[in-house]
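Residue numbers for the sequence shown follow this note's numbering, beginning at 496 and rising by one.
Virtual Cβ for every residue (Gly too), placed ideally from N, Cα, C.
Predicted model only: the values in this text are computed from it and were never measured.
Report on one structure; see the data block that follows.
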Amino acid sequence: MKKKSFGTSEALLRRALKVTPVGAQTFSKSHRYLSGSARPCFIDKGKGARVWDVDGNEFIDFILGLGPITVGYNDPEVNAAITAQLAKGITFSQSTALEVELAEKLAEIIPSAEMARFVKNGGDATSAAIRLARAGTGRDMVAVCGYHGMHDWYVGATPLNAGVPESVKALTKTFEYNKIDTLDKLFAQYPNQIAAVILEPCQGDGPENGFLEAVRASCEKHGAVLIFDEVVSGFRVALGGAQEYYEVTPDMTTIGKGMANGMPISAVVGKRELLDQINDGVFISTTFGGECLSLAAALKTIEILSRPDAFDKIWRVSSKLRDGAVELAATKGLADIAKMWGLPPHAGFMFSETDALSPTDLLSVFQQRLLLEGILSLGINNFCLAHDEKDVDIHLAAIDKALNDVAKALDANSIDSILQGPPINPIFKRN
Ligand SMILES: Cc1ncc(COP(=O)(O)O)c(C=O)c1O
Numbered sequence: 496m497k498k499k500s501f502g503t504s505e506a507l508l509r510r511a512l513k514v515t516p517v518g519a520q521t522f523s524k525s526h527r528y529l530s531g532s533a534r535p536c537f538i539d540k541g542k543g544a545r546v547w548d549v550d551g552n553e554f555i556d557f558i559l560g561l562g563p564i565t566v567g568y569n570d571p572e573v574n575a576a577i578t579a580q581l582a583k584g585i586t587f588s589q590s591t592a593l594e595v596e597l598a599e600k601l602a603e604i605i606p607s608a609e610m611a612r613f614v615k616n617g618g619d620a621t622s623a624a625i626r627l628a629r630a631g632t633g634r635d636m637v638a639v640c641g642y643h644g645m646h647d648w649y650v651g652a653t654p655l656n657a658g659v660p661e662s663v664k665a666l667t668k669t670f671e672y673n674k675i676d677t678l679d680k681l682f683a684q685y686p687n688q689i690a691a692v693i694l695e696p697c698q699g700d701g702p703e704n705g706f707l708e709a710v711r712a713s714c715e716k717h718g719a720v721l722i723f724d725e726v727v728s729g730f731r732v733a734l735g736g737a738q739e740y741y742e743v744t745p746d747m748t749t750i751g752k753g754m755a756n757g758m759p760i761s762a763v764v765g766k767r768e769l770l771d772q773i774n775d776g777v778f779i780s781t782t783f784g785g786e787c788l789s790l791a792a793a794l795k796t797i798e799i800l801s802r803p804d805a806f807d808k809i810w811r812v813s814s815k816l817r818d819g820a821v822e823l824a825a826t827k828g829l830a831d832i833a834k835m836w837g838l839p840p841h842a843g844f845m846f847s848e849t850d851a852l853s854p855t856d857l858l859s860v861f862q863q864r865l866l867l868e869g870i871l872s873l874g875i876n877n878f879c880l881a882h883d884e885k886d887v888d889i890h891l892a893a894i895d896k897a898l899n900d901v902a903k904a905l906d907a908n909s910i911d912s913i914l915q916g917p918p919i920n921p922i923f924k925r926n
């Protein structure tokens, strides 16, 4: 790829910073998450697995909008479904058949789904699930493990909790993935007080020693509602999400991101007795819950992802990247520094700390090289149906060079002479 300038992106960033906090509407899409000299801060268009920035630079995109793109950018079939609906109307005064069809489809493909409530963002769905669990149990406390969006009940338990009342913070407790004793400790410490256990079912290298089954059993024993937050894993690791892949069924599930190939829709789905509370006192209702372009896009996206070879292809292509990257790190003697984690459709290197360098330093050096080679990645890679083996070959060639840069930084105990611009400067650090 021949690099052009990033002048238009830079000029837009200067304008954005005057009128937009962090220069972007989403933290993780801001300039602070890209490093070095080749940062495409503003995107113009996408097609398949590729995007072009406002300066005309082309990238193979492994961020995919932070997950929403599961088929591919600007997909002709999804676009046709959206435009056909656009010709009929976007939002109406009563319900449409689309709402019923999508709720029925989710009940068919997601093991825990009996009923569905549509909202817009992942955080809307997780907040709705927590309210339903609190109403259903008559309890107030929640146990969390993972990231669950921007609302008070969750961010109160994170370092970025300014503005959240103390009384709300006190209701949320965290436990650790793959450490069932940390959850059982909470149940012992707060007997009959925990309404819900919410967790991202896929974290790191996945559940060990029957962790998800043990969480399921603890929730049953202590009368808490189990919620899988599948906003990331839903429609990415399997059509029915991590619960299909790991064969553990929660009481409720939250989905969002990948369900409509980029259109804004999310949902809480789950047991009838829990969702039925919306008929009787639990307030979960929004103006745009039945917005039709997103419903039409979701139905078409699910139809495409249901085709027999869809997830086979995503797993085949993504496994080639995961395996190839692990091999490159091992060949270069960097296996201890660059450790791969995640299921192939959502996997990447986690860098270890050294005496002189932080994981973010090393990721910055690594990512700068990927950007220079035309790969858009935050380290963790998302895959869609439009990625193919050739894209992976290009990505692996870039990783080869990027790991060489990491090795140079390790030799020098410094990133100063390698990084040609700012390092990654994350806003939100998970607990
Ligand atoms: C696991 C998980 N849950 C919930 C959310 C919140 O989704 P949204 O940003 O759409 O509100 C996210 C967002 O990244 C997420 O990763």
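Here Thr-586 has Thr-782, Phe-783, Gly-785, Glu-786, Cys-787 as same chain residues with Cβ atoms under 8 Å from its own Cβ, once five neighbours each way along the sequence are excluded.
If you ignore the 5 residues before and after Ala-623, its C-beta comes within less than 7 Å of the C-beta of Arg-612, Val-614, Val-763, Ile-779, all in its own chain and listed in chain order.
For Thr-653, there is no enclosing alpha helix (DSSP H), since its DSSP letter is neither H nor E. Within the same chain, and ignoring the five residues on either side of Phe-923 in sequence, the residues whose Cβ sits closer than 7 Å to its Cβ are Phe-522, Leu-655.
Relative to ligand 1, the nearest heavy atom lies less than 7 Å away from the CB of Tyr-642. Fewer than three pairs of CB atoms, one per stretch, sit closer than 8 Å, so the stretch 568-578 makes no contact with the stretch 588-597. Look at Met-758 here: in three-state DSSP terms it is coil, with no helix or strand label. Rounded to the nearest angstrom, the Cβ distance from Asn-756 to Val-566 is 5 Å, consistent with a contact under 8 Å.
Between Ala-630 and Val-777, the beta carbon gap of about 5 Å places them in contact (Cβ cut-off 8 Å).
Take Asp-700, set aside five residues on each side of it, and the residues of its chain with a beta-carbon closer than 8 Å to its own are Trp-836, Gly-837, in chain order. Ranked by how close their Cα comes to the Cα of Cys-536, the residues Arg-510, Pro-606, Gln-772 have Arg-510 in first place. Scanning Ala-833, Met-758, His-882, Asp-548 for the CA closest to the CA of Lys-795 turns up Met-758.
Asp-724 has its CB nearer than 7 Å to a heavy atom of ligand 1.
Sequence-distant Cβ neighbours of Leu-871 in its own chain, meaning closer than 8 Å and more than five residues away, are Pro-535, Val-546, Phe-554, Ile-555, Asp-556, Phe-557, Ile-558, Leu-865. The beta carbon of Tyr-685 sits closer than 8 Å to the beta carbons of Met-636, Lys-668 from its chain, once the five residues preceding and following it are set aside; these are given in chain order. A straight line joining the alpha-carbon of Ile-773 with that of Thr-621 spans about 15 Å. Counting of Cβ neighbours within 10 angstroms places Pro-696 among the buried residues, the total reaching 16 or more. With a threshold of 7 Å, the Cβ atom of Val-743 does not count as near ligand 1, since no heavy atom of the ligand is closer than that.
Within the same chain, and ignoring the five residues on either side of Leu-829 in sequence, the residues whose Cβ sits closer than 7 Å to its Cβ are Leu-898, Val-901, Ala-902. Judged by DSSP secondary structure, His-841 falls within the beta strand (DSSP E) whose first and last residues are 841-846. In terms of CA proximity to Leu-627, Ile-693 leads the group Ile-693, Ser-909, Pro-660.
In the structure shown, Asn-673 falls within a coil segment according to DSSP collapsed to helix, strand and coil. Ile-538 and Leu-873 have their C-alpha atoms spaced approximately 15 Å apart. For Pro-563, the closest C-alpha among the options Ile-919, Pro-840, Gln-862 is that of Pro-840.
It is roughly 31 Å from the alpha-carbon of Phe-844 to the alpha-carbon of Asp-679. In the displayed model, Ala-830 falls within coil according to three-state DSSP, outside both helix and strand.
DSSP places Ala-544 in the coil class of the three-state scheme, outside both helix and strand.
Minimum Cα-Cα distance from Leu-593 among the listed residues Gln-688, Pro-921, Val-887, Ala-792 corresponds to Ala-792. DSSP places Arg-612 in the strand class (E or B) of the three-state scheme. Within the chosen limit of 7 Å, ligand 1 does not reach the beta carbon of Met-758 with any heavy atom.
In this structure, Ser-761 has its CB closer than 7 Å to one or more heavy atoms of ligand 1.
At the C-beta level, Asp-550 and Thr-591 stay beyond 8 Å of one another.
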